[in-house]
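Data first, discussion second: the structure below is written as structure tokens.
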Amino acid sequence: MALITDLILTPIVFGLIGMVIKRISRWLALISSAISTYYSIQLLGLLPGSFTIRLTPPVPIIFQLDLLSVTLSIATSVLTFLVVLYAINQKIRDRFFVYIPIALGISLGALLSSDLILFLFFWGFLLAIVFGLLLVGKEGRDPSAAAQKALFLLGASDFAMLLGIVLLLTTIGIGSLTPPFPKPLTSPIAIAGFILILAGGVGKIGGFPFHTWIPKSADVVPPATMAFLPSVLDKILGTYLLIRLLTRIFIPSPSIALLIMIIGSITIVIGVFMALIQPNGMRTLAYSTIGQAGYIIVGLGTLHPIGIAGALFHMFNNIIYKTGLFFTLGSVEAATGRSNLEDLGGLAKVMPITFFSFLISGLALAGVPPLSGFCSKWMIYQAIIQSRSHWLWPAFLIAAMFGSVLTLAYILKLLYATFLSEPPKDLDLDRIQEATVNGWFPPLLLAVGAIVFGVFAYSVPIARIIQPILPTRIEALGFWQPVLATILLLIGLLIGLLIYLFGTALRAKESKIFIGGEEIDSEEGRIPGTHFYSSLPQIYMLEKIYTFGKGGAFDFYNYLVGIFTSLGIVAGKVIEFLIQKFYEVIAAIYRIAGGVGSEAHSGILPNYLSWLLLGLFFLFLFLW
Amino acid sequence: MFFFITTLILIIIGLYAIVTKTNLIRIIIGFAILEYAINFFFALVGFKKGALAPIITQVDGPKNFVDPIPQALVLTAIVIGLATTALMLSFAIKLYQKHKTFDITKIKELKG
Amino acid sequence: MNLLPLFFALPLAGAFLIPILSKIWRGFSDLIANSITTILLFLSFYSLNLFEEGEVIIYKMGGWPPPLGITMVYDHLSALIVISIAIVVFAASIFSIRYLEHFTGRVKFYTLFMLITAGMMGVAITGDIFNLFVFVEIASISSYALVAFGIEKEELEAAFKYMVMGEIASLFLLFAIALLYGRASTLNMADLANTLSVAGRDQLFWFVAAILLFSFAIKSALFPFHSWLPDAHPSAPAPVSAILSGIFVKVLGVYALIRLSFNVFGLTPQNSPIFFHILIFLGLVSVFFGGIIASRQRDYKRLLAYSTIAQIGFIMVGIGIGNFWAIAGGLFHILAHAITKSLLFLTSGAVVYATGKRDLEELAGLGKTMGITAWSYRLATLSLSGLPPLVGFFPKLFIIIGACQAKLYWLAILLAILSVFTLAYLLKIIRKVYFTTKEVSTPETPFSMRLSMLFLVILMILFGFGFQGLLNSLIIPATKVLLNGTGYGRAILGG
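Read top to bottom, the protein sequences are chains A, B and C.
Read left to right, the first sequence gives residues 1 to 624 (the numbering used here).
Read left to right, the second sequence gives residues 1001 to 1112 (the numbering used here).
Read left to right, the third sequence gives residues 2001 to 2495 (the numbering used here).
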């Protein structure tokens, strides 16, 4: 019991001390996240258990530990430690290091609390800290608009959840996140409460329609914040809430599952297609975060054991490689001072370790076997096929699969534009240095993690982590043998390497480019990475496929990708547009009503008095 | 009954003056009328037909008194009314000095 | 010794002493006013120890037994109001010390300040309906004078309009009292409750109820009766704005209304649904229009004033739903909003003190130099829009719980949505005033101002974390007082 209070309070107290003594707040954040890692691992020894703390006599505060909450606590603590380690010598304001441990403590509290009201307390408290964290901007950028948007959207989803919880408490009497038996969703009030809480979970995880704050924040807050908030904390907490909601509190019906899967598919489509056309690495990753949240939602929405296991596994994978990606792009930004893809290029030579980490994490994100993203997506596909809950299931499958293909597309774009393309003239590669140890070590560690979670998918993460958490056994997953595949892949790579080393026929020959007898400037001949898909949003589909095919960037699938990309971009744009319009219409109603009300206060006393008399008249009319 | 109807008419006259008149002084006069009407009404509440003034001169005197409490209360209310009228008039004077007008509809800088 | 008279006698004595003693040494005005508000703060918290839940303390003025003389009644509802008043008045008086450098007439200011305090305290603890009127008038007249304290064009205009509407409300209150007296031949609220519950309800009863509702709706600025508030509250000096918006409207409007309607008239949602539906309707309209008009304002204080209209609407909705949790939420919001809104107005005072400006378009970048002010504002914003660890969360939670229990689900959803809008308009000030990267060099406010803001911030956090204790010792007993209905009369007269 004392362990739990220590676990929750230590980071909060360290954060508060850091608030007073700003100088040491960086080190306090590092130490406190290390301590919480230690404590949360200790929690494993207490499993399973429930602990009651009595603050004031009538109110018991109940914490409940099971493998799910403890595992997620460990993951949160470890990732927070890595984020702090990564950010510790970067040019970030000290306030960042004050909020991070406080946010850690609060999220641990939310993960471990059993009582819905207590959970709500932590959850809302976290919103305040998130708002504070988002207000810590990059140097020279004003994050207030983005932070406000986040506060508004997350606040709206939190209020929905508050309402849902109150509904459940007052009508059905569900007061706990971990009731002994799940209840069937039958009465309309329970369904309403369920959907409201669902909105809270989807909002937290970054799903449609609460996602728009993430890309807006992406290029105004430091990369470490992006790595911490949308890709670690929100994913873990959102997934946790949704798993509890769908498996422990209620037995959802197929129509509910359909709703969740539709939300998930829309999220995937928006995230992936919007990611493809961003000119900025951070924004690409931000949309990618949204897209991957969609996979988690779809996996949970199947309600199939494999789907839930896959979603959980995908969540773990996602926090591993996405954090790594944010770290590496952050290092690039710190080293070059640039974030637009057009201004970057050729960094693979000067930042080899960062390049390697980015390569591995990126391919893992794209789901390239045998890296980690593949297996979890594979499980989610299988769950969609096996559950077949609704005739729409092929649509979900297509959304998920093409999302995966296009993920590879934008990752290759990022990879090419940042590390492989010819650098722009004004980027002096000689003056750029590899990140310091704490800059390259965390992403490298995460990349290794992505390899381990992929190659040994069955023996390590599924058998040791995922399977014990879930009550049902995860059945065989088709004939995917990651270890065998890896060995084959390694042999292939080895052969390739031999050919590269000993063969001469394949060696490319460098030569100068001439047009009309004149040597052209290399800058003109350069193809920056942003031009990869720059034509997509503007031109007609057929024309685009034509140019694209001519360019020959991806000969093996460019026709399919072309068709679906354009369809998807149209769909993504339309949905984004509709959301935008929805918010605009609400804002317009708000403005017009406000304008009318404001005009009515004309400052003329007799008008005001006539309102009084009118009011008096109606009072008499109704009461007398 | 006649007196009650009279007070009701007076109240309506007072409200009418406050709401429709635009001159500061007339509004204040409207308040005076409204206030006196209500005070008059209050005094009437304690009135009994044919009763004596509530002044006790002997221990076993006649029991047929007018209720004395409303009279005491009305006295208090008149004092309060004096304060409000004085304050309102002083506002009116100051407003005239600043705006050079007594028309309340022309004094409308605070709006929106 | 019975402490009750001290609550209004101390500030009255202060109002008397300040002008006299200040002739000897000018510093006496600050000293007396601040020591009296400090004593009131301690007394109000100390008074909670004097009686148990369900009990009342009665003070008989001049020793006359209840139905005859004027009585002072102190139960948990009064205690809640008295504590709220004492907190706000304490913070405002500390804040005034340096803020008044802008004004001449420090002595007059403190005299009026003490009078408004005495009036509000009297309203909160009186048990006599005519006495209620007298205290309402004391508080109102001093508030008119305080609104006009700057004697510039705008202040005078606001004060005159405020006074016209406020006096209409006061005179109708007097009219209602006359009618009640004619009906029951008593002025004691407890005796009145007994008489009215025996006599039954006829046309006259509802006529009086309508007039009272009209009068208190003006005083508490519910929507169609609100038009004085956005003029009057911003025009007063900032500490007075804090008092007016933070607690004044609630004592004179909300408290008086609920005390009379629940405890004297014995109205409940069951026996008079129309009355309570009117309250919900007026409250909702206030929340809606107060919110949307607030977000259009360009003036720091005027925005906050519209926000007050919206928040009073929340309280009224809670009262109007009328079951246990909704009323508890409404009463809790009286305290929570008192702390939060007075803090918001004090920050406006700090900004005006430092820059001399109130227009949001002209202010910028104060977050860097005025750290405490900016943080106070941010925390108060989060509290008022209902963020959990701060005090503003619980009232709204309870009101929503109450709405769900009363099966008014649409209302619960509407309230949740509208309270998000609270955030929208309060954030406007953060964005414009505190958060721009523009460099400005305004000095931080003086120590005493920061102290009073910090005091309120600490209370906001303390009451948020310790809400359970507050709920058990104050809010729930106060709610029970209201739900006891006309049992109030029997409790006092001992029948």
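No residue lacks a Cβ here, since even glycine has one placed at the ideal position from N, Cα and C.
Checking the sheet assignment: what are the DSSP bridge partners for Asp2359(C)? Asp2299(C)
Minimum C-alpha distance to Ile31(A) - residue among Phe51(A), Thr80(A), Ser69(A) and Tyr321(A): Thr80(A)
Among the candidates Ile2475(C), Phe2216(C), Leu2344(C) and His2076(C), whose CA atom is the shortest distance from the CA of His2333(C)? Ile2475(C)
Nearest-angstrom Cα separation, counted from Asp2202(C) out to Gly201(A): 54 Å
Taking the alpha helix (DSSP H) that Met2460(C) falls in, what are its first and last residues? Phe2447 to Phe2465
Kindly indicate if chain A contains any beta-carbon less than 8 Å away from that of Glu1109(B). yes
To the nearest whole angstrom, what separates the beta carbons of Leu2456(C) and Ser2342(C), a pair I think is in contact under 8 Å? 7 Å
Listing by chain order, which chain A residues have their CB less than 9 Å from the CB of Phe2214(C)? Leu612, Gly615, Leu616, Leu619 and Phe620
From the DSSP secondary-structure annotation, give me the bridge partner or partners of Thr2071(C). Lys2060(C)
Using DSSP's beta-bridge definition, name the partner residues of Asp2202(C). In DSSP, Asp2202(C) forms no bridge with anything.
So, does the CB of Ile1104(B) fall closer than 8 Å to a CB anywhere in chain A? yes
Could you tell me which chain C residues have their CB closer than 9 Å to the CB of Lys1098(B), listed as they occur along the chain? Ile2151, Glu2152, Lys2153, Leu2156 and Glu2157
Quick one: does His601(A) have its CB under 8 Å from some CB of chain F? Of the chains in the structure shown, none is chain F; the protein chains are A, B and C.
Mind checking if Ile1029(B) is an interface residue toward chain C, Cβ cutoff 8 Å exclusive? no
Check each residue of the region 110 to 134 of chain A: if its Cβ is closer than 7 Å to any Cβ of chain C, include it; give the result in chain order. Leu120, Phe121, Gly124, Phe125, Leu127 and Ala128
Should the region 416 to 431 of chain A be called in touch with the region 367 to 381 of chain A, which here means at least 3 C-beta pairs below 8 Å? no
Closest Cβ-Cβ distance between Thr212(A) and chain C: below 8 Å? no
Going by DSSP, what residues sit across from Thr2126(C) in a beta bridge? Met2072(C)
C-alpha distance - Gln382(A) paired with Ser2307(C), whole-angstrom precision: 53 Å
Excluding the 5 residues flanking Ala553(A) on each side, which residues of the same chain have their C-beta closer than 6 Å to its C-beta? A caution first: Ala553(A) carries a pLDDT of 44, below 50, which makes its placement in the model too unreliable to give a value.
What are the start and end residues of each continuous beta strand (DSSP E) run of 3 or more residues lying completely inside the region 2190 to 2236 of chain C, in chain order? none
Between Phe2007(C) and Ile2018(C), how many whole angstroms is the CB-CB distance? I'm expecting something under 8 Å. Actually they do not touch by this definition, with Cβ atoms about 18 Å apart.
Starting from the Cα of Ile575(A), find the closest Cα among Ala224(A), Phe210(A) and Ser217(A) and give me that residue. Phe210(A)
For the region 251 to 302 of chain A, which segments carrying the beta strand (DSSP E) assignment without a break, of at least 3 residues, lie completely within its bounds, in sequence order? none
What does the alpha-carbon distance come out to for the pair Ala450(A) and Tyr39(A)? 25 Å
By Cβ distance below 8 Å, which residues in the same chain neighbour Ile102(A) in space, the five residues on each side in sequence not counted? Pro11, Ile12, Gly15, Leu16 and Ile129
Bridge partners of Ser113(A), per DSSP? Phe63(A)
Going along chain C, which residues have a C-beta under 7 Å from Leu1034(B)? Leu2171
Nearest-angstrom beta carbon gap, Phe119(A) and Leu185(A) [assumed within contact, 8 Å]: Wrong, their Cβ atoms sit about 20 Å apart, outside the cutoff.
Measure the CB-CB distance between Asn2194(C) and Gly2127(C) and report whether it falls below 8 Å. no
Among the residues of its own chain, which have a CB less than 7 Å from the CB of Ile320(A), if the five just before and after it don't count? Ser372, Leu446, Gly449, Ala450 and Phe453
Phe152(A) at chain C interface by Cβ criterion, 8 Å: yes
What's the C-alpha gap between Ala1092(B) and Leu2004(C)? 39 Å
Rounded C-alpha distance that separates Asp640(A) from Phe131(A): The structure shown has nothing for residue 640(A), since chain A only spans 1 to 624.
Chain B residues whose Cβ lies nearer than 9 Å to that of Ile2141(C): Ile1080, Ala1083, Thr1084 and Leu1087
Whole-angstrom distance between Gly2166(C) and Ser2140(C), CA atom to CA atom: 7 Å
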